[in-house]
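Residue numbers (this note's numbering): 803 to 1220. Ideal placement from N, C-alpha and C gives every residue a C-beta, glycine not left out. Accompanying notes for the structure given below.
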């Protein structure tokens, strides 16, 4: 049995920041609730309440919800319409597919003067003779019944037939009450037989509140049994490496990717189609010399590389427009080759036959290189050459004092020049 608890309501009140005192709308459908409680004390401001698809057998503890406008109790085990007179603002009531067989209980809705829309489709009382006319005459405030508008003509005719119909409704209600007692007695009598009969669920039975609860409990036990069986089977542990340490390829997040080499054959580029709106903090990249691993929401994408790459010079970027993750990994061979000295250019001057006198006077159009090895630049010795140059100091002549002229007179009264 599931109870309406504070934690359950707060979980369903996330749209109101979990506050119950100011909650105006809450949905508690498909929670296997069997009793309505606490809502009239914790949620006084409720305007819309959804309780469909539960196992509620009685309407109770809603009389204090003065602002309640819409109450949905479809697909439950309700047999009587009661305890709704305190819902002063009730405008719409949905009791579809319940077990309301005593139609005279709709008289309990006369005090709900704002009630304009009522649904009783799928209840046993709908099969009563004169059902619609009786409800229309009993509840003059109604504007719609089972989704169909009530016309003035229909209301006048229903009031004219009310005295005759009401007597017939009382007889039908009594017949249903007797039938319901027989169903309860039959259910209690055959309970032990049903437990012993293995083929019971393959036979037809009456649709009653008791059979609905029994079916629900059977389905619940079956789900629990299946969940235990699934939990008992451990999931296979995925291996990312072989026994010899060789990495495996795997794509747990099932994302699209492309791996290709750059045009200059210096880089291996991996383009992963990451979800556009995924936060970058949920992505982790680990580049190793022989493989690359990308963690997307704790799911691993691991790919083996065709060549070894330089992990320190690898870079990962993400597109702001598409969300794709691009990992650029330089190859080790190409990165080492860039450090080595460049080969010397060979002189490819072609010997040509001498032309006319006019062309011999022109300068040669070919580049002539100095064959002196000291003139070539050795990139591996650049630092050492700079050190040698820095140790050499420029040669400067010492300053010389100018000699005095022959007519110079040293007068002590004259102040020195600044």
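For residue i, collect the residues of the same chain with a Cβ closer than 8 Å to its Cβ; drop the 5 residues on either side in sequence, then sort them by chain order.
i            : result
residue 823  : 844, 845, 846 and 847
residue 1030 : none
residue 867  : 841, 842, 845, 846, 848, 851, 888 and 889
residue 963  : 932, 935 and 939
residue 1007 : 1013
residue 1161 : Interpretation of residue 1161 is limited by its pLDDT of 44, a score under 50 that renders its predicted location unreliable; the figure taken from the coordinates is listed afterwards. Closer than 8 Å at Cβ, skipping near neighbours: no residue.
residue 858  : 835, 836, 837, 838, 875, 878, 879 and 880
residue 1117 : 1129 and 1130
residue 1206 : none
residue 902  : 880, 881, 882, 883, 922, 925, 926 and 927
residue 1015 : 857 and 879
residue 1082 : 1120
residue 1028 : none
If I measure Cβ to Cβ from residue i and keep anything under 7 Å in the same chain, skipping five residues before and after, which residues do I get?
i            : result
residue 813  : none
residue 1159 : The pLDDT assigned to residue 1159 is 44, lower than 50, so where the model puts this residue is not dependable; a value taken from the coordinates is nonetheless given after this. Cβ within range, chain order: n/a, list empty.
residue 818  : 824 and 825
residue 975  : 904, 905 and 906
residue 956  : 938
residue 979  : 904
residue 1021 : none
residue 820  : 812
residue 951  : 945
residue 1210 : none
Run through the DSSP bridge pairs and tell me what residue i is partnered with.
i            : result
residue 964  : Answer by DSSP bridge pairing: none, since residue 964 is not bridged.
residue 1052 : 1104
residue 1095 : 1088 and 1104
residue 1210 : None; residue 1210 has no bridge partner.
residue 827  : 850
residue 1061 : 1072
residue 804  : 835
residue 919  : 894 and 946
residue 1043 : 1049
Assuming the contact rule is C-beta atoms closer than 8 Å, residue i and residue j should be a hit. Round their C-beta distance to whole Å, please.
i            : j            : result
residue 827  : residue 850  : 4 Å
residue 874  : residue 856  : Wrong, their Cβ atoms sit about 10 Å apart, outside the cutoff.
residue 1094 : residue 1134 : About 14 Å separates the two Cβ atoms, so there is no contact after all.
residue 985  : residue 1017 : Not really, about 15 Å apart at Cβ, beyond 8 Å.
residue 1042 : residue 1012 : Not really, about 55 Å apart at Cβ, beyond 8 Å.
residue 871  : residue 892  : 7 Å
residue 927  : residue 905  : 4 Å
residue 1110 : residue 1092 : 6 Å
residue 1127 : residue 1061 : In fact, because the Cβ distance is near 12 Å, the residues do not count as touching under 8 Å.
residue 897  : residue 880  : 6 Å
residue 1107 : residue 1098 : Contact doesn't hold; Cβ gap of about 19 Å is too wide.
residue 1132 : residue 1115 : 5 Å
residue 761  : residue 1078 : A question about residue 761 goes unanswered here, because the residues of the chain that appear run from 803 up to 1220.
Please return the same chain residues whose Cβ sits closer than 6 Å to the Cβ of residue i, not counting the five positions on each side in sequence.
i            : result
residue 1142 : Here residue 1142 scores only 48 on pLDDT, less than 50, and its place in the model should not be relied on; the value that follows carries that caveat. Nothing listed; no residue qualifies.
residue 1217 : none
residue 1101 : 1054 and 1055
residue 882  : 907
residue 805  : none
residue 854  : 831, 874, 876 and 877
residue 1049 : 1043, 1093 and 1106
residue 992  : none
residue 954  : none
residue 803  : 836
Does the CB of residue i have a neighbour CB from chain D at under 9 Å?
i           : result
residue 932 : Reference to chain D is not applicable here, since this structure consists of a single protein chain.
| request: Tell me, please, whether the region 928 to 940 touches the region 963 to 983 by the rule of three or more beta-carbon pairs shorter than 8 Å. | output: yes
| message | Count Cβ pairs between the region 1023 to 1041 and the region 1080 to 1099 that sit closer than 8 Å; are there 3 or more? | response | no
| message | I'd like the ranges of any beta strand (DSSP E) spanning at least 3 consecutive residues and lying wholly in the region 1107 to 1141. | response | 1117 to 1120 and 1127 to 1132
| request: Report the residue ranges of all beta strand (DSSP E) runs contained in full by the region 868 to 913; include only those spanning at least 3 residues, in chain order. | output: 872 to 874 and 894 to 896
| said: Does the contact criterion of 3 or more C-beta pairs under 8 Å hold for the region 874 to 892 versus the region 935 to 952? | reply: no
| the region 1049 to 1058 / the region 1068 to 1083 touching (three or more Cβ pairs under 8 Å) | yes
| field | contact_flag[the region 855 to 865, the region 831 to 840] where n(CB pairs < 8 Å) is 3 or more | value | yes
| task | Kindly confirm or deny that the region 945 to 953 and the region 914 to 922 touch, where touching means at least three C-beta pairs closer than 8 Å. | result | yes
| task | For the region 921 to 966, list the alpha helix (DSSP H) runs that are entirely contained and at least 4 residues long, ordered along the chain. | result | 933 to 940
| request: For the region 972 to 1029, list the alpha helix (DSSP H) runs that are entirely contained and at least 4 residues long, ordered along the chain. | output: 993 to 998
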